[in-house]
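Accompanying notes for the structure given below.
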């Protein structure tokens with residue numbers, strides 16, 4: 173098939189193979205060409221290609237509609253619950269460590285060119301550089317102290333505020 177000479181038709185996605193004289197239908201999607209089939213009649217090739225294009229466009233529109241409705245439904249609620257004062261509350265509460273973390277502590281990393289442990293903390297849209305340390309334990313202590321100073325007070329205030337906003341329990 174690769175060695176066969178193919179003449180493109182004036183209409184995109186339709187071409188005729190000079191060896192077999194069959195009309196070939198194809199579509200391009202995300203930079204890739206998808207072969208639909210070979211047909212004896214050009215009208216069949218055009219009709220089938222049009223049906224496939226309409227089907228693909230319909231699937232794409234369905235996916236867009238689903239994503240949009242999901243975003244409308246959940247993103248406002250999620251942001252309301254998770255972001256307070258430009259701070260992602262669940263990330264502060266989450267103590268899991270990324271798999272590529274070398275120190276074993278969030279916010280503490282080895283700076284290879286300086287040959288030091290760097291401690292930092294992200295809070296309310298700012299990055300706090302806590303220092304560069306020769307010893308890992310010193311960097312961990314600086315990070316833990318900063319977490320207590322910034323995160324713990326913030327989380328306590330946030331929990332108190334959430335508790336005060338809850339409606340009282342109904343007595344039946």
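In our numbering, the protein residues as written are 173 to 344. Note that the Cβ used here is the ideal one computed from N, Cα and C, for glycine as well.
Item: One or two residues paired with residue 200 in a DSSP bridge; Value: 205
Item: Alpha-carbon to alpha-carbon, residue 280 and residue 196; Value: 59 Å
Item: Member of 201, 312, 202, 220 whose CA lies at the smallest distance from the CA of residue 208; Value: 220
Item: Which listed residue (289, 286, 185) has its alpha carbon closest to that of residue 210; Value: 185
Item: Inter-residue Cα distance where the pair is residue 214 and residue 201; Value: 22 Å
Item: Any alpha helix (DSSP H) of 4 or more consecutive residues that is wholly inside the stretch 280-325; Value: 308-318
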